[in-house]
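Q: Just so you know, our numbering puts 201 at position 201 of the sequence shown, and the rest follows in order with no gaps.
Have a look at this one before I ask anything.
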Amino acid sequence: MNAYDAGPVAALRRIAFLLERAREDTYKVKAFRGAAATILPLSPDELERHVVEGTLTDLPGIGASSAKVVAAAVGGEVPERLAKAERDLAGPLTDGGAGDDLRSRLRGDLHSHSDWSDGGSPIEEMAFTAIELGHDYLVLTDHSPRLRVAHGLSAERLTRQLDVVDAVNTHLAGSGFTLLKGIEVDILDDGALDQTDEMLDRLDVRVASVHSKLAMDAREMTRRMVRAVRNPHTNVLGHCTGRLVTGGRGVRPQSQFDARAVFEACAKNDVAVEINARPERRDPPTRLLELARDAGCVFSIDSDAHAPGQLDFLVLGCARAEAAGVEPDRIVNTWPQERLLSWARK
Ligand SMILES: [Zn+2]
Ligand SMILES: [Zn+2]
């Protein structure tokens with residue numbers, strides 16, 4: 001057995017991270033994250049006593065496999081489950097180092113979700129993982145009220161969330177990392193944004209996305225998207241076609257719109273076209289990505305993470321941006337935070 005001194009919480013978190021990154025079933029991941037949350041408040045003595053007495057599985061949320069991980073880590077040995085995850089799941093996400101150069105230039109991520117909407121983890125877990133990935137900033141962009149299936153945030157809940165973001169940043173003061181205030185705001189059928197101007201004003205970065213009526217007639221969809229892009233609050237046009245190419249939710253064709261008109265509006269209004277890195281989205285498709293490049297748009301490469309491990313998907317978007325020949329300076333998340341924030345304020 002190899003020595004291990006990072007402790008049981010780190011072991012459980014790392015296993016969960018690697019499973020999420022490898023797109024394993026969330027129920028498996030939840031077991032490890034739940035176990036980490038259970039033991040986090042316990043003192044080393046209490047934990048040791050549970051290990052010695054064999055009572056770890058009496059604790060809420062700790063099953064047999066989590067208990068084994070905890071016992072090994074407490075005993076200073078690399079847990080078998082962790083060694084297996086490192087061996088099987090920790091390898092590069094792209095072939096031949098594609099996207100690595102650009103990935104090393106990204107300073108943060110403009111699109112992520114917590115368990116306040118449809119993400120799987122608390123805000124602070126997303127922030128800690130972003131720090132571990134070397135980000136300078138992460139924009140928290142939970143959904144807006146109209147997206148009820150995703151528990152979109154009302155103005156009141158968003159107000160409370162902003163206080164939590166402030167508290168997280170206070171806690172992380174001196175780390176060099178900032179959790180930025182954001183939203184993934186729905187583009188309503190008429191192109192209006194699904195949050196009050198007052199709330200949108202309070203945010204650092206706003207991603208606007210279409211989530212409903214994706215099969216709308218192309219002329220109407222173009223009008224809808226162009227109106228949203230012209231809204232002075234909009235900073236990023238999220239996953240512009242809405243397509244799904246693979247994954248548990250099945251496939252969905254891209255929505256139809258005049259892409260040239262939409263991207264020209266993005267370029268004119270200084271709205272970034274998102275390169276959504278989620279493997280099931282790969283949005284925009286290559287032809288549209290090239291069209292946006294030729295229209296002079298800026299881009300943001302976003303993980304759209306709904307779980308901490310998915311924050312590592314950025315390299316997938318980087319590989320696509322590199323293949324399309326997008327210059328790094330046109331990608332807003334290669335910019336330092338101050339430049340990003342002043343751009344987002346318009
Ligand atoms: Zn979305
Ligand atoms: Zn999203």
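Glycine is no exception: its CB is placed at the ideal position from the N, C-alpha and C atoms.
1. Pull every residue with its beta-carbon under 6 Å away from any heavy atom of ligand 1, and keep them in chain order.
2. In angstroms, rounded to a whole number, what distance separates the CA positions of Leu133 and Leu40?
3. Given that a residue counts as buried once 16 or more other Cβ atoms are within 10 Å of its Cβ, and exposed if not, what is Tyr27?
4. Tell me, please, whether the segment 140-147 touches the segment 252-268 by the rule of three or more beta-carbon pairs shorter than 8 Å.
5. What are the boundary residues of the beta strand (DSSP E) that includes Glu77?
6. Give me whichever residues DSSP pairs with Thr178 in a beta bridge.
7. In the DSSP assignment, what residue or residues form a beta bridge with Asn276?
8. Do Ser209 and Val245 have their C-beta atoms within less than 9 Å of each other?
9. For Val207, verify whether its CB is less than 8 Å away from any heavy atom of ligand 2.
10. Cys240 to Pro284, Cα distance in whole Å?
11. How about the segment 68-86 and the segment 8-25: do they share at least three Cβ pairs that are nearer than 8 Å?
12. Taking contact to mean at least 3 C-beta pairs separated by less than 8 Å, is the segment 159-174 in contact with the segment 210-224?
13. Could you give the DSSP three-state label for Ala150: helix, strand or coil?
14. Quick check on Lys181: buried or exposed, where buried means 16 or more other Cβ atoms within 10 Å of its Cβ?
15. If Val262 sits next to Val236, beta carbons under 8 Å apart, how far is it from one beta carbon to the other, in whole angstroms?
16. Using only the alpha-carbon positions, how far apart do Val298 and Glu274 sit?
17. On the DSSP letters alone, give me the boundaries of the alpha helix (DSSP H) that Ala167 sits inside.
18. Can you tell which of Ala307, Leu311, Arg260 and Pro279 has the C-alpha that lies nearest to the C-alpha of Leu288?
19. Cα separation between Arg227 and Thr234?
20. Please name the residue, chosen from Leu291, Val29, Ala6 and Ala64, that lies closest to Gly309 on a Cα-to-Cα basis.
21. What residue range does the alpha helix (DSSP H) around Ser342 cover?
22. Please find out if some non-hydrogen atom of ligand 2 comes closer than 8 Å to the beta-carbon of Thr286.
23. How many angstroms separate the CA atom of Ala36 from the CA atom of Arg219?
24. Just grab the DSSP bridge partners of Gly108 for me.
25. Please report the residue range of the beta strand (DSSP E) in which Arg23 lies.
26. Mark Ser154 as exposed unless 16 or more other C-beta atoms lie within 10 angstroms of its C-beta, in which case mark it buried.
27. Quickly, what does DSSP pair Thr185 with across the bridge? List them, please.
28. Going straight from the alpha carbon of Asp189 to that of Arg224, what length do you get?
29. Is any heavy atom in ligand 2 found nearer than 8 Å to the beta carbon of Asp58?
30. Between Ser255 and His111, how many whole angstroms is the CB-CB distance? I'm expecting something under 8 Å.
31. Compute the distance between the beta-carbons of Ala22 and Phe32, then report whether it is under 9 Å.
32. Would you decide whether Arg105 is buried or exposed? Buried here means 16 or more other CB atoms lie within 10 Å of its CB.
33. Measure from the C-beta of Phe177 to each C-beta in chain D and report whether the shortest distance is under 9 Å.
34. To the nearest angstrom, report how far apart Thr141 and Lys84 are at their CA atoms.
35. Quick one, are the C-beta atoms of Asp194 and His151 less than 9 Å apart?
36. Within the continuous alpha helix (DSSP H) that includes Lys268, where are the two ends?
A: Concretely, from the data shown:
1. Glu184, Ser209, His211, Gly238 and His239
2. 21 Å
3. exposed
4. no
5. No beta strand (DSSP E) contains Glu77, which DSSP labels as neither H nor E.
6. Tyr137
7. Asp283 and Asp302
8. No, they are not a contact pair.
9. yes
10. 6 Å
11. yes
12. With the cut-off at 8 Å, the segment 159-174 and the segment 210-224 do not touch.
13. helix
14. buried
15. With 8 Å as the limit, Val262 and Val236 do not qualify as a contact, their Cβ atoms being about 13 Å apart.
16. 9 Å
17. Ala155 to His171
18. Arg260
19. 10 Å
20. Val29
21. Gln337 to Arg345
22. no
23. 50 Å
24. For Gly108, which the question treats as bridged, DSSP gives the partners Tyr137.
25. No beta strand (DSSP E) contains Arg23, which DSSP labels as neither H nor E.
26. exposed
27. Checking the displayed sequence, the identity of residue 185 turns out to be Val instead of Thr. Val185 is bridged by DSSP to Ala208.
28. C-alpha of Asp189 to C-alpha of Arg224: approximately 7 Å in a straight line.
29. no
30. Contact doesn't hold; Cβ gap of about 19 Å is too wide.
31. no
32. exposed
33. Absent from the structure: chain D. Only one protein chain is present.
34. 33 Å
35. no
36. Ala259 to Lys268
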